[in-house]
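Q: Mind having a look at this structure? Questions to follow.
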Amino acid sequence: SAVISQKPSRDICQRGTSLTIQCQVDSQVTMMFWYRQQPGQSLTLIATANQGSEATYESGFVIDKFPISRPNLTFSTLTVSNMSPEDSSIYLCSVVGKETQYFGPGTRLLVL
Amino acid sequence: AQSVTQLDSQVPVFEEAPVELRCNYSSSVSVYLFWYVQYPNQGLQLLLKYLSGSTLVESINGFEAEFNKSQTSFHLRKPSVHISDTAEYFCAVISPGGNTPLVFGKGTRLSVIA
């Protein structure tokens, strides 16, 4: 299994600002995923982050809005840029294990 | 491409009554199937999974799900629910191999009424 931690666990931000979310895994993994869960909704994949290459974004998500770094095999960051109230969500990082997928506890973001 | 359909967005049920949360999937290849649970204001937790073998899988808290390949379903059941089962339940699918992420259904909110 993989243990994933995220920082911050929650934050309240003003519109127009940016927030960087950190994700740390206790083992080396090739692929990491970032999801968004808007209030009352399911999880939506934002992007796949592989170490040593550019992140691959899903339809509706762009690098300028959600830049991702993946400097090594245990760490990744997701930045939510130029935030608006519509960005208020839970952001989760995730890694694929042998037979399942593990999730971090999430970062609860409220944009005022 | 894979997809997951959870037919019920909300399921209210009285305490100690049985419940079934429905999940159907679509995939052109073999899949692994999962149910995740999210309790109010908490993170996502794996409830149970089907990888291969017996089509009936069980969780430690009394839930079970049965993989039905012909009907492409993976419905979640519990014979007697508790107030503490109130949560959002997500069905998800992934291709074996670990190179693609989970695809989630829209979720079913189970509300257990005393």
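Read top to bottom, the protein sequences are chains X and B.
Each residue of the first sequence is one higher than the one before, starting from 1 at the first, in the numbering used here.
Each residue of the second sequence is one higher than the one before, starting from 1001 at the first, in the numbering used here.
Ideal placement from N, C-alpha and C gives every residue a C-beta, glycine not left out.
Can you check whether the C-beta of B:Lys1106 is within less than 8 Å of a C-beta belonging to chain X?
A: yes
Q: Please classify X:Arg15 as buried or exposed, where buried requires at least 16 neighbouring CB atoms within 10 angstroms.
A: exposed
Q: Could you tell me if the beta carbon of B:Ser1073 falls within a distance shorter than 7 Å of some heavy atom in the ligand NAD?
A: Among the ligands in the structure shown, none appear at all, so the ligand NAD cannot be discussed.
Q: Tell me X:Ile46's beta-bridge partners as DSSP assigns them.
A: BP columns for X:Ile46 are empty, so no partner.
Q: Identify, in the order they occur along the chain, each residue of the same chain with its Cβ nearer than 7 Å to the Cβ of X:Val111, setting aside the five sequence neighbours on each side.
A: Cys13, Arg15, Met83, Ser84, Pro85, Asp87 and Ser88
Q: Please list the terminal residues of the continuous beta strand (DSSP E) segment that includes X:Leu92.
A: Ser89 to Val96
Q: Given X:Pro67, which residues of its chain have a CB within under 6 Å of its CB, disregarding the five upstream and five downstream residues?
A: Thr79
Q: Among B:Val1057, B:Gln1010 and B:Val1031, whose alpha-carbon lies nearest the alpha-carbon of B:Arg1022?
A: B:Gln1010
Q: By alpha-carbon positions, which one of X:Ile46, X:Thr17, X:Arg36 and X:Leu92 ends up nearest to X:Ser59?
A: X:Ile46
Q: Going along the chain, which residues of its own chain have a beta-carbon closer than 6 Å to the beta-carbon of X:Ser5, five neighbours each way excluded?
A: Gln24
Q: Looking at chain X, is there any beta carbon in it that lies within less than 8 Å of the beta carbon of B:Pro1012?
A: no
Q: I'd like to know whether the C-beta of X:Phe33 is nearer than 8 Å to at least one C-beta of chain B.
A: For X:Phe33, a Cβ of chain B is located within less than 8 Å of the residue's own Cβ.
Q: Can you give the Cα-Cα distance for B:Glu1066 and B:Lys1078, rounded to whole angstroms?
A: 12 Å
Q: Taking only three categories from DSSP, how would you classify X:Ile63?
A: Of the three classes helix, strand and coil, the one that applies to X:Ile63 here is coil, per DSSP.
Q: Note down, in chain order, all residues in the region 47-71 of chain X with a beta-carbon under 7 Å from any beta-carbon belonging to chain B.
A: Under the 7 Å Cβ criterion, the region 47-71 of chain X contributes Thr48.
Q: What residue range does the beta strand (DSSP E) around B:Ala1017 cover?
A: Run containing B:Ala1017: none; DSSP gives neither H nor E here.
Q: Give the list of continuous beta strand (DSSP E) stretches no shorter than 3 residues that lie fully inside the region 1027-1061 of chain B.
A: 1032-1038, 1044-1050 and 1056-1058
Q: Let's test the definition: count the other Cβ atoms within 10 Å of the Cβ of B:Asp1085 and tell me whether it reaches 16, buried, or not, exposed.
A: buried
Q: Under 6 Å Cβ to Cβ from X:Gln22, same chain only, skipping five residues before and after it: list those, please.
A: Lys7 and Thr77
Q: Going along chain X, which residues have a C-beta under 9 Å from B:Leu1076?
A: The premise fails here: B:Leu1076 is roughly 15 Å from chain X at the closest Cβ pair, so nothing lies under 9 Å.
Q: Do the CB positions of B:Leu1102 and B:Ala1087 come within less than 8 Å of each other?
A: Taking 8 Å as the Cβ cut-off, B:Leu1102 and B:Ala1087 do not qualify as a contacting pair.
Q: In terms of alpha-carbon separation, which member of X:Pro71, X:Asp26 and X:Ser81 lies closest to X:Ala55?
A: For the residues X:Pro71, X:Asp26 and X:Ser81, the minimum Cα distance to X:Ala55 belongs to X:Pro71.
Q: Do you know offhand how far B:Asp1008's Cα is from B:Ser1095's?
A: 24 Å
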